[in-house]
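Taken in order, these protein sequences are the chains called E and A.
Okay, so the first sequence: first residue is 1 according to the numbering used here, each after it adds one.
Okay, so the second sequence: first residue is 1001 according to the numbering used here, each after it adds one.
All residues carry an ideal CB built from backbone N, CA and C; glycine is no exception.
Number of protein chains: 2
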Amino acid sequence: MGTLTELFAPDRIAVIGATAREGSIGRAVTTNLIADYEGEIVPVNPKYDEVLGLSCVADISEADADMAVVVVPPQIALHAVEAAGEAGVQNVVVITAGFGETGGEGASREKQLREIADKYDLNVVGPNSLGIMSTTGGMNATFGPDNALPGGMSFMSQSGAFITAVLDWANDEGVGFKDVVSLGNKAVLDETDFVDHWGDDEETDVVIGYLEGISDGRAFIDAARKATQDTPIVLVKSGRTDAGAQAASSHTGTLAGSEQAYEVGLDQAGVLRAESVQELFDAAQMLANQPLPENKDVAIVTNAGGPGVMSTDAVGDSDLSMASFSQETLDEFSEKLPVEGNIYNPVDIVGDADIDRFTDALDIALADENVGMALVLSCPTAVLNYEELAEATVELREKHQKPVAACFMGGERVNASASILQDAGIPNYFDPSRAIGALDALAEYNDIQSREYDEPTRFDVDKEKAHKILSRVKERGDNRLGVEAMGLLDAYGIPTPQGEIIDDPEDAREVAASIDGPVVMKIVSPDILHKSDIGGVKVGVEDEDVEDAFEDLITRARNYQPDANLLGVQVQEMVDLDTGVETIVGMNRDPQFGPLMMFGLGGIFVEILEDTTFRVAPVAESEAREMTEEIKTAPMLRGARGQEPVDVDGVVETIQRLSQLVTDFPAIMEFDINPLVATPVGPDEDSGVKAVDIRLTVDPESL
Amino acid sequence: MGTLTELFAPDRIAVIGATAREGSIGRAVTTNLIADYEGEIVPVNPKYDEVLGLSCVADISEADADMAVVVVPPQIALHAVEAAGEAGVQNVVVITAGFGETGGEGASREKQLREIADKYDLNVVGPNSLGIMSTTGGMNATFGPDNALPGGMSFMSQSGAFITAVLDWANDEGVGFKDVVSLGNKAVLDETDFVDHWGDDEETDVVIGYLEGISDGRAFIDAARKATQDTPIVLVKSGRTDAGAQAASSHTGTLAGSEQAYEVGLDQAGVLRAESVQELFDAAQMLANQPLPENKDVAIVTNAGGPGVMSTDAVGDSDLSMASFSQETLDEFSEKLPVEGNIYNPVDIVGDADIDRFTDALDIALADENVGMALVLSCPTAVLNYEELAEATVELREKHQKPVAACFMGGERVNASASILQDAGIPNYFDPSRAIGALDALAEYNDIQSREYDEPTRFDVDKEKAHKILSRVKERGDNRLGVEAMGLLDAYGIPTPQGEIIDDPEDAREVAASIDGPVVMKIVSPDILHKSDIGGVKVGVEDEDVEDAFEDLITRARNYQPDANLLGVQVQEMVDLDTGVETIVGMNRDPQFGPLMMFGLGGIFVEILEDTTFRVAPVAESEAREMTEEIKTAPMLRGARGQEPVDVDGVVETIQRLSQLVTDFPAIMEFDINPLVATPVGPDEDSGVKAVDIRLTVDPESL
């Protein structure tokens, strides 16, 4: 698969299946191309010599094209793509439907399409796509009713209808695009490829998308992290809610990854996630057209107090803050504003403000270096001309090179000024909370751009030993492992309490004797999951009672399930919970994003309060540390209420080591370390963490 | 203060200060009245015989008016109002500014205005108001640039500029109003009066408002509960955030009640609270124009899969659910829809759907009794005419009498159809989440309407004993009480551990002996707040050690602060925390809403996790029970993780009794019962709650 530059800027496009038949897709595509495309168009159709005034060839091999759009019926579409590949056409847009989305025959057709693309190293968009557009070359290779206006947004969508709706709206509003791609079934090219491409595309200022699923989460994270160094990405990923996920799966057959995985995966990727169409375009237009702010502090300049308060609430709801003005600024405001006004932020220049007072106030506010951005907020008054205010706003944005949002409130009175603002890339909103939301997106992208992604640490571990332990599941009918897999933790350098699994009472006593203090004894059997319920756990057993306890545990297990596979009894050092905090580290493997690490405090904190945090593995040190910081109970790790802080560094390292384990062994489908007890660091700088119990599920096929 | 009916439907309006001078407020008001007002207008101004073609009188006494609008300068405005009262005019709108909002002289002027209103029993709007409107009589008694279109929304606003902006927008969109009130400084009439009035007004379908503060929270709750039996109320209360509250206070000088109090107070009042202008009007238009749904289940009918998924997410985000269709409905869909479609919800009728298929599908969906409401969702296609779809949508809404929201996506293609929809009270949105949000408001109001507000229980208590205990603060320089006020709890029937405050070691031993098991001993002194920090609390003291412990505690207190006011030592039964849960019940008195009760689990749950819940007192039993149910840790009261459930009924009763205490004694400014230990109900049906410690602050002036 080559670069996608030519896909969006081909010199010669062949339309395979072009026709002049009214109402046909072939006609629509050809007509759309004829409208503005600067290159050459070659209809391909053995039935015609000429289509819509263009001379037509019988076969793609005669077209000498660098891109082909395929609109023939599904039965012959594969032939068309293969012929294009044969003819050396590198870029193919398959508009034809009747592939994976129909299941059955269509699905196998889609598989073949992928094979053909591999064979000829083709860039294939679709199938089941509305087509693609690129406004730089005037290319509209879609069968939709509208062409896009030129602009800096590149837009991909898993819904073709949504593109149609967006373009109709955008053309009306004067909102423009660089490229538009209807992803269709994503048989070959998917969101990751386009993020990769647009990230390097000078003319793309912001990447936006509507996605119902991401094909390869980890690849997407890597591509997006790279792209967002220069180019913001804003996505609606639908299927956020349970109901939505179900609807998405019946719409595109997307195998639903968990929302949890998408949420953290997209965040780790540096993507801004919009929850609605409105949020998507509010953020995208701001990102496409405005400079980035130096800080998060907003100045609000308003001729109306009430809306000023509402806007301040919107700032309070966002990650932005109200700017504190310098003394110089306050002095200037005092000089220029009437006494009834407010020189503090929000700056109230009062209802009788004319254009001069408004311009002065905005100029003063934007000149203050404590101000990162501004909201121009106005209600209609008899003494203020909105068009003049719009022009002043545009000029001052240019002068100060700081982002400015507009909220000229009203209806018809606003229209002319809104056009002036929109032409300068300043969308006008009736609702101040939308304007503030859009500014917030700028600040959020600023944070993303300044992120430094550290590489996951590779610890020195005993991978072979771990492999041996995991392989045990192959030797038995069960894919679940319990305490008998504690050795995995040793192999990966994670501290565990002293202990062994013993199958003889005398040995048990010996082991207990070698451990300081009383011990914990547990039945070890893959067939007995809830050991506590049958009295299969004994706590605080003194050395002299170990043999009796052993016999008793075995009897209980046998009584409970005579044919249970009994691996023995675990004799384990007692971990003092009084000075420690119980934590849980877990992992679930997500179909799209792979291993998803979980961290939280044990017991009610996870079970009732659901105070947990997630990251897609491999997890770098900074990410593991964030996990210990962002749970609500984080203060309990750091010594709340007079307790000594626990060994947070030890927890952070444990999360990373476990992340390495699940990255090394894709066969581990899920696990829980519960509890991972965290205590203060010991007197000899001993690690303060101990993994007391483990449970995991393995896919023996992947070993 | 009489009824407000005449305020909105006067027969004869006097404009005190009417003039024809260009640019004057007097001219603007008179002109606005002349435009459409059906009654008579009498300019009052000694300088003229005629104003704008109307014959002018010199004095209000000659006007024979039932309403007066005052626009004269502040210095003579009070005279004008007094003269109006004298002349028997009951309703006065004071547009004149220069009252409370300017402080100083203005504030005393406002006080006088209130006195005059009292004296003549006047309905006074303002001062510092834009004026009022009522579209039924064509009355526009404001100086704003726009008149309102007729409609079912009655609108009050603490910002006049916001009214101007809203009307400009509303006129452009075709959105209408019944009454509009610019509240101004609310010297006499405030939000509660208008809620009261509009709640009984047949022509008002929904009350909406922009408020920065509520003058009397409890009165507002009572009025709103009554009004919302028939009429929904949707409010933006700004100053929600810390930044916003600060801005609100500098704007209208509103003494900020806590956001916590507003949040629960407005909820208890049955008010729908909008967080933005957009939310306000999205909800209000739906409530004003659509029938209420029978249930919360939405059917989505769409010609585009992607937007269908987005809409489903919006349903997932709301309190609504996706309707499950009956078998009959599914059968009908199967018959009418193509196989590529989806007969399950969201119903995908596919991109080639024409008006007939769309109409059929929507008709079938709305006929299903599992469906409470519908979203009509459409992307532009070549085979569908949006105007026809708009007409079908309106007809089917009428036919089925179920609420319908519209999301016809697009720009110019949508305009004509949007007007058809708007005329029928179905606003069209580009963004499905707004349409779903508006439907959600209907369902939420449904819930409010079916609320039953039970009266707070009046328990039989010893109010006199409580009064005596509280009065002690008067006898000393401090307004804080600690364990020495435990008697308050006895007086109000709240169980406390056995114990006494003792000032002699031998008596202490005697008391300890009368208590089963070891005791807790604590220093009692208003001057030593953090007793634990100086070792002033001893736990598990055996009888024989009581005398030594007593001496030791006294010594510690003396060493810590030689002149501390030492009330003695509390000897208290030890409460077993092992089988119980520590809870906290607290109260803060809010300047607007009065006593705000708080409940939560003690320790880290309040301090770190902030898992608390609030209600404005007096709290009825159902409200107290909700408090125990809505904290996240509620399962811990009800027996999580194998524990026995604690005495929740006892907790509920304690909250109510404490609510009665703070309602009976406005002098109690704040208190904490921490902990209120809740254990399982005892073997003899003993109460499972015990209030172990108390701290309160009293305002001696209010006793």
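Beta-ladder partner(s) of residue i, from DSSP
{"i": "GLY126 (chain E)", "result": "Paired residue(s): none; GLY126 (chain E) is not in a bridge."}
{"i": "THR697 (chain E)", "result": "E:ARG480 and E:GLU670"}
{"i": "GLN1570 (chain A)", "result": "A:ILE1501 and A:LYS1522"}
{"i": "GLU1582 (chain A)", "result": "A:VAL1677"}
{"i": "ALA1014 (chain A)", "result": "A:VAL1042 and A:ALA1068"}
Nearest candidate by alpha-carbon position, reference residue i, set the options
{"i": "ASP216 (chain E)", "options": "E:VAL188, E:THR231 and E:ASP205", "result": "E:VAL188"}
{"i": "MET295 (chain E)", "options": "E:SER450, E:ALA97, E:SER24 and E:HIS467", "result": "For the record, residue 295 (chain E) in the displayed sequence is Asn; it is not Met. Answer by Cα proximity: E:SER450."}
{"i": "GLU626 (chain E)", "options": "E:MET597, E:ASP590 and E:VAL124", "result": "E:MET597"}
{"i": "CYS129 (chain E)", "options": "E:THR164, E:ILE355, E:GLY104 and E:GLY137", "result": "According to the sequence provided, residue 129 (chain E) is Ser. The question's Cys does not apply to it. It is E:THR164 whose Cα lies nearest to the Cα of SER129 (chain E)."}
{"i": "ARG1021 (chain A)", "options": "A:GLU1038, A:PRO1010 and A:VAL1071", "result": "A:VAL1071"}
{"i": "ASP490 (chain E)", "options": "E:VAL461, E:VAL206 and E:THR192", "result": "E:VAL461"}
{"i": "ASP1168 (chain A)", "options": "E:PHE430, E:ASN123, E:LEU113 and E:SER108", "result": "E:PHE430"}
{"i": "GLU1621 (chain A)", "options": "A:ALA1035, A:TYR1453 and A:SER1433", "result": "A:TYR1453"}
{"i": "TYR120 (chain E)", "options": "E:PRO497, E:PRO403, E:LEU78 and E:GLU105", "result": "E:LEU78"}
{"i": "VAL1519 (chain A)", "options": "A:ALA1557, A:MET1574, A:VAL1698 and A:VAL1057", "result": "A:MET1574"}
{"i": "ALA1382 (chain A)", "options": "E:ALA18, E:SER24, E:GLU86 and E:ALA14", "result": "E:SER24"}
{"i": "GLY1586 (chain A)", "options": "A:THR1579, A:GLN1660 and A:PHE1599", "result": "A:PHE1599"}
{"i": "GLU544 (chain E)", "options": "E:VAL524, E:ALA513, E:GLY341 and E:ALA284", "result": "E:ALA513"}
Any chain A beta carbon closer than 9 Å to residue i
{"i": "MET1 (chain E)", "result": "Low per-residue confidence applies at MET1 (chain E): pLDDT is 47, beneath 50, and the placement is therefore not dependable enough to give any value."}
{"i": "ARG413 (chain E)", "result": "yes"}
{"i": "GLY410 (chain E)", "result": "yes"}
{"i": "MET133 (chain E)", "result": "no"}
{"i": "GLY316 (chain E)", "result": "yes"}
{"i": "ALA14 (chain E)", "result": "no"}
{"i": "MET310 (chain E)", "result": "yes"}
Residue-chain proximity (residue i, chain E), Cβ-Cβ < 9 Å
{"i": "ASN1674 (chain A)", "result": "no"}
{"i": "PHE1194 (chain A)", "result": "no"}
{"i": "ASP1242 (chain A)", "result": "yes"}
{"i": "ALA1382 (chain A)", "result": "yes"}
{"i": "GLU1050 (chain A)", "result": "no"}
Contact set between residue i and chain E, taken where Cβ atoms lie within less than 9 Å
{"i": "LEU1609 (chain A)", "result": "PHE605, LEU609, ASP611, LYS632 and THR633"}
{"i": "ARG1641 (chain A)", "result": "GLY603, ILE604, GLU607 and ILE608"}
{"i": "GLU1387 (chain A)", "result": "By Cβ distance, chain E contributes nothing, its closest Cβ being about 15 Å from GLU1387 (chain A), past 9 Å."}
Under 8 Å by beta carbon: chain A residues contacting residue i
{"i": "CYS379 (chain E)", "result": "ALA1161, PHE1162, THR1164 and ALA1165"}
{"i": "SER433 (chain E)", "result": "GLU1275, SER1276, VAL1277 and GLN1278"}
{"i": "THR679 (chain E)", "result": "Within chain A, no residue comes near THR679 (chain E); the closest Cβ sits about 18 Å away, beyond 8 Å."}
Contacts of residue i in chain E (Cβ-Cβ under 8 Å)
{"i": "GLU1173 (chain A)", "result": "GLY411"}
{"i": "GLN1736 (chain A)", "result": "Outside the shown range of chain A (1001 to 1703) lies residue 1736 (chain A), about which nothing can therefore be said."}
{"i": "VAL1692 (chain A)", "result": "Within 8 Å Cβ-Cβ: nothing; VAL1692 (chain A) doesn't reach chain E, min ~18 Å."}
Cross-chain neighbours of residue i in chain E, by beta carbon under 7 Å
{"i": "GLU1263 (chain A)", "result": "Residues of chain E passing the Cβ test: none, with the nearest at roughly 13 Å."}
{"i": "MET1322 (chain A)", "result": "ALA243"}
Chain-ordered chain A contacts of residue i [CB-CB under 7 Å]
{"i": "PRO145 (chain E)", "result": "PRO1380 and ALA1382"}
{"i": "TYR210 (chain E)", "result": "GLY1306"}
Scan the stretch 1136 to 1219 of chain A and note each continuous beta strand (DSSP E) run of 3 residues or more that stays entirely inside, going in chain order. 1139 to 1142, 1149 to 1157, 1176 to 1182 and 1206 to 1211
3 or more residues per run - each beta strand (DSSP E) lying fully within the stretch 1063 to 1123 of chain A: Note on the stretch 1063 to 1123 of chain A: whole beta strand (DSSP E) runs with a minimum of 3 residues are 1067 to 1070 and 1091 to 1094, in chain order.
Enumerated in chain order, which unbroken segments of the alpha helix (DSSP H) with a length of 4 residues or greater are wholly contained in the stretch 447 to 495 of chain E? 463 to 471 and 486 to 491
Which runs of the beta strand (DSSP E) spanning at least 3 residues fall entirely within the stretch 1334 to 1405 of chain A, listed in chain order? 1373 to 1378
Sequence ranges, beta strand (DSSP E) only - wholly within the stretch 1245 to 1287 of chain A, length at least 3: none
Can you list the beta strand (DSSP E) stretches of 3 or more residues lying completely in the stretch 1578 to 1645 of chain A, in chain order? 1581 to 1590, 1594 to 1601 and 1612 to 1616
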